[in-house]
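Inspection log for the structure reproduced underneath, given as structure tokens.
Number of protein chains: 2
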Amino acid sequence: MKGMMMHRPLLVSEILKYGVDAHQKGEIVSVRTEGDIHRETYPEAYRRICQLAHGLRAQGVELGDRIATLAWNGYRHFELYYAISGIGAICHTINPRLSAEQLIYIVNHAEDRILFLDTTFVPIIAAVKDQLPADMTYVIMTDRAHMPADLPFDALCYEELLEGQPEEIDWPEFDENTACGLCYTSGTTGNPKGALYSHRSTVLHGMMMAVMQGSSFQEGQRVLPVVPLFHVNAWGLPYSALLSGLSFVMPGPALDGPSLFKLMDEENVFTAWGVPTVWMGLLAEIKAQGRKPSGFGDVVIGGSAAPRSMIEAFENMDVNVGHAWGMTEMSPVGTHGMMPWWSKDLPRETQIDMKAKQGRRCFGVDLKLVDEDGNRLPHDGAAIGELYVRGNTVVSGYFKNEEASAKALDAEGWFGTGDVASIEPDGFLTIQDRAKDLIKSGGEWISSIDLENAALSHPGIANCAAIGVAHPKWDERPILVAVAAGEDKPTLDEIRDHMETQFAKWQLPDDIVWVAELPLTATGKVSKLNLRKELDGYQHPELRETA
Amino acid sequence: MKGMMMHRPLLVSEILKYGVDAHQKGEIVSVRTEGDIHRETYPEAYRRICQLAHGLRAQGVELGDRIATLAWNGYRHFELYYAISGIGAICHTINPRLSAEQLIYIVNHAEDRILFLDTTFVPIIAAVKDQLPADMTYVIMTDRAHMPADLPFDALCYEELLEGQPEEIDWPEFDENTACGLCYTSGTTGNPKGALYSHRSTVLHGMMMAVMQGSSFQEGQRVLPVVPLFHVNAWGLPYSALLSGLSFVMPGPALDGPSLFKLMDEENVFTAWGVPTVWMGLLAEIKAQGRKPSGFGDVVIGGSAAPRSMIEAFENMDVNVGHAWGMTEMSPVGTHGMMPWWSKDLPRETQIDMKAKQGRRCFGVDLKLVDEDGNRLPHDGAAIGELYVRGNTVVSGYFKNEEASAKALDAEGWFGTGDVASIEPDGFLTIQDRAKDLIKSGGEWISSIDLENAALSHPGIANCAAIGVAHPKWDERPILVAVAAGEDKPTLDEIRDHMETQFAKWQLPDDIVWVAELPLTATGKVSKLNLRKELDGYQHPELRETA
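Protein chains in written order, with our numbering: chain A, 1 to 547; chain B, 548 to 1094.
Structure follows, in structure tokens:
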């Protein structure tokens, strides 16, 4: 028997209408490529989004068309999110840190009709334009006065697209399973694969995040999304934070520590979201200034595992750390690091231990661990297996990619994350490693993440990666590739001594290779693929000695 | 183009599984009909819910069957909610305050198969049993030791239904539009009408409430649902609070001021939810004791308009008031009273004014005001019109009632609330009155709610109702029917003088009729229908004078 309730589609435009209606004093503050700071209230943004939607339609945009963006975090990018999805087109955000080859691949694969870009990225497009679709329309995200003088290709001006358009629109209604967004994985192996989000998945993800964030997500608080709008929807913040009525502080292109510190300080940012590499820069600036930015009380760390030392550094300055985990294929958030209420009574060290894990699942995201034969493993904190996920916010396949789609789900319909993990009885997830980054030594697994976290807590190491190198006897042995924190580099023995309390002897790295910097992926994670390429020809010390 | 995301049905069992998984230290504390206090953790409740689900199946319960409850707020009632809906049956909560005639009507209309009842309600069922379906199974919600000795009808024992059943179950999956709950309106006119909630509407309502409640709804806080589980799902608390990980303190049958005070004080209740009549009792006890219950910081008032004086009384003791509004037909919450962040800077009087309104719409609930011709009115705070609502949590018709279903929605598919309201530009809703309770005097409308609130702020009045009585010249004129607060009743002139600052002279009541108590509906609101019956033969003073 069916219930007798209205069926209203869950649409992205409903979040927009609600946010503006309920939170009229909400603001979007943006560092602009023009060099200044721009401010608009939610209602001002709404009127511009309506104008933009009309402008898109004037360009012939229809339901299902892919519209690409190549832009920093700023109000125009935010406006594009809602205008594009609102009229039923698909917002395809492109990561400017992709290689030219990948960029060409995804724009052609997505069959984008229009590409919106910040002035910053004009050279990137100029370099590859001949290999992009010939009928593409380009729009520079600025006003007429700031249009680059020597534009190497024809392009429209964003502000002119809006000019004279009506400030209200009847947002169309359509099936809630209609696609609204497209984001390609950074593609460490093979071509990037597209996650095609639906209105339903996006609205449910936004609600789920607003439920989970609780006290760190109160109406009127100010959120800094350092995590880019150009990748996995800035962890859903454009939706969840609008729903909750937070004000946005958009950092634009300035993501170094001093710039972030200044912006947070001046704009009274309460909660800041980003990957660990970004926070290393901010923490260095905080150390240099001897204080934290004014009003800073909460940080959400995801994208890759937050080192324990980073969590401690923030907690020591009364900044609550929420450690989250997810994937492009998960919209992207899967687990969140809000602490359970009873943890307040635990010893501080135990609390930090809990925060170093990846948190508990969000409502609507199911987790399962399986062994190599696909058998379910218990959530007992001890069993370690491959992590599979399921939920309305998880992909069922990849856009226009039958081969990858066929391999995405297991026989029960769960998505394989490629992560190896354990889950505590109280629900806390620990990502042990990417399955492909685990180091197999003498038939036993060593987590590269655990090694990195332990090494990073040594003051002489600024950043590092642990990888397995071939060894004739042990199959693989761990080594560290590290960036030194200062002039005096610690010795391998010093590092091993420092790590010894947390590891068995055979788990400790056999070598340390000093580098000036670590190669990063397009999403700001250490690229172990490139690291292995850079280390081409490297030999384990024992092999060298015997050579 | 469709997104490529998993489609998982939004099911009530998902809330249960999530709550237990994520909030294992959550508790359900209940005042029992057995006379003691019972405690269970979420995981303990979960195991019993699984046993109950097996027990229901052992009784032959299938998808779509209606299973009735007649019970106070307590853990067994809570268990029934999840066990019944979880296996795809429909939880039909019955209000024990309904008349025997209404009770007989709805049980037969719903075609209930099993009726679960607290020992308290055995006499109610004994009196009407011959008019209930002959093949009905009755289950007394207690253990064998507490089964009434002289039970006047055959009945099973709740605890025996669970005994020996497995403590885990594979919750079935089905379409999210499947019905999960049934609640009849209290039916002030005609037969009660059934709102048939779906899993989708219930899950979205639960998420929506958890998003809206923000800071008053933090994991680990303790919530007291005085609002009954036997009516409109206790405003959705069994779902939203489990999702957020609050602990429940269930008051059982003891709803008087001293009992509530004691329970809140001993159980450290932070947020308490109920109708204004309940809070009158609590406030009297707080006054008598000269302090508020320990830990009490938040109260949600709905069901009927909270008098301004009540809001002030709570706020004066640092209890945050959230004034909410909704209807059985809305699952039931439509607007919520969480204050916008910027209101903190407003003068206290202005803040109280805001709290005296019904709050802002919840995400997913659309509001429109229309005039008598069905034209839309602006949300400018001035225009007053009939309020229509739309959303996934709003009924599209009534269970097995084609006549009422045909009249439920307007041509645009919106549900007519029967309330007359205005909406401020900032989104705040003010319910002016029930359309049928508005008093029409000389072609102008007077809000009975406004008159009541003004009169209630006089210390000599404990409770009151304003109604319109027939008048040959003015059509209707307002009078007050009031319960005195003490021995010395104020005069009509004193009341009029007290109200004068807020009203034009012609809007003031022409008479005051003192009564010992006001008639209440089954949901605890003043029954103006019954009041008018009680006043049968009453004449306006001018008519008496000329008689």
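Idealized CB from N, CA, C, for every residue including glycine.
On a predicted model such as this, the values are computed, not experimentally measured, just so you know.
query: Proximal chain B residues relative to A:V394, where beta-carbon distance stays under 8 Å; result: M552 and M553
query: Segments of 4+ residues assigned as alpha helix (DSSP H) that fall wholly inside the stretch 378 to 412 of chain A; result: 402 to 408
query: Neighbouring residues, chain B, relative to A:Y197 (Cβ below 8 Å); result: G550 and M552
query: Rounded straight-line distance, which links the Cα of B:L1003 to that of A:M354; result: 52 Å
query: Element boundaries [beta strand (DSSP E), containing A:S441]; result: I439 to S441
query: Cβ-based burial, A:T521 [other Cβ within 10 Å; buried from 16]; result: buried
query: Where the stretch 159 to 180 of chain A meets chain B: residues whose CB sits under 8 Å from a CB there; result: D175, N177, T178, A179 and C180
query: For B:S538, three-class secondary structure by DSSP; result: Residue coverage of chain B in this structure runs from 548 to 1094, which leaves residue 538 of chain B outside it and unanswerable.
query: Contacts of B:F946 in chain A (Cβ-Cβ under 8 Å); result: M4
query: Any C-beta of chain B under 7 Å from that of A:D298; result: no
query: Proximity test, B:E971 beta-carbon vs the ligand GDP heavy atom, cut-off 6 Å; result: Looking at this structure, you won't find the ligand GDP or any other ligand, since it has none at all.
query: Strand pairing of A:C183, partner residues [DSSP]; result: A:A195
query: C-beta atoms of A:G460 and A:P490 nearer than 7 Å; result: yes
query: Spatial distance of B:I575 from B:P785 (CA atoms); result: 11 Å
query: The alpha helix (DSSP H) enclosing A:C50, as first and last residue numbers; result: Y42 to A58
query: Interface residues of chain B facing A:R47 [CB-CB closer than 9 Å]; result: What A:R47 touches in chain B: nothing, since even the nearest Cβ is about 15 Å away.
query: Selected residue, minimal CA-CA separation from A:P148, among A:T120, A:D373 and A:S216; result: A:T120
query: Residue from A:V389, A:V232 and A:P123 with nearest C-alpha to A:H92; result: A:V232
query: Neighbourhood of A:E315 by C-beta, 7 Å cutoff - its chain only, sequence neighbours within 5 removed; result: V321 and I352
query: Start-to-end residues for the beta strand (DSSP E) that takes in A:A482; result: D475 to A484
query: Sequence-distant residues of the same chain with beta carbon closer than 7 Å to A:D380, five excluded per side; result: P425
query: Whether A:L283 touches A:A241 by CB criterion (7 Å); result: no
query: Residue ranges of each beta strand (DSSP E) within the stretch 842 to 916 of chain B, 3 or longer; result: 845 to 848, 867 to 870 and 880 to 883
query: Which of helix, strand or coil DSSP assigns to A:E432; result: The amino acid occupying residue 432 of chain A in the given sequence is Gln; Glu does not appear at that position. Note: A:Q432 maps to strand in three-state DSSP.
query: Interface flag, B:Y935 vs chain A, CB-CB below 7 Å; result: no
query: Close-in-space but distant-in-sequence residues of the same chain around A:M601 (CB under 6 Å, 5 per side omitted); result: Residue 601 of chain A lies beyond the range of chain A shown here (1 to 547); nothing can be said about it.
query: Buried versus exposed call for A:Q213 [16 or more other C-beta atoms within 10 Å across all chains shown]; result: buried
query: Residue-chain proximity (A:R97, chain B), Cβ-Cβ < 7 Å; result: no
query: Cβ distance (whole Å) where A:G3 is taken to contact A:M208 below 8 Å; result: Contact doesn't hold; Cβ gap of about 22 Å is too wide.
query: C-beta atoms of A:I87 and A:A179 nearer than 7 Å; result: no
query: Residue closest to B:A929, alpha-carbon to alpha-carbon, out of B:G974, B:G921, B:L807 and B:Y622; result: B:G974
query: Contact under 7 Å by Cβ, A:G206 with A:I15; result: yes
query: Backbone secondary structure at A:G206 - three-state DSSP; result: helix
query: Short-range partners of chain A found in the stretch 566 to 580 of chain B, where Cβ spacing is below 8 Å; result: D568, A569, H570, Q571 and K572
query: Which of helix, strand or coil DSSP assigns to B:V685; result: Checking the displayed sequence, the identity of residue 685 of chain B turns out to be Tyr instead of Val. If DSSP states are grouped into helix, strand and coil, B:Y685 belongs with the strands.
query: Residues of the stretch 209 to 229 of chain A with Cβ closer than 8 Å to any Cβ of chain B, in chain order; result: A210, V211, G214, S215, F217, Q218, E219, G220 and Q221
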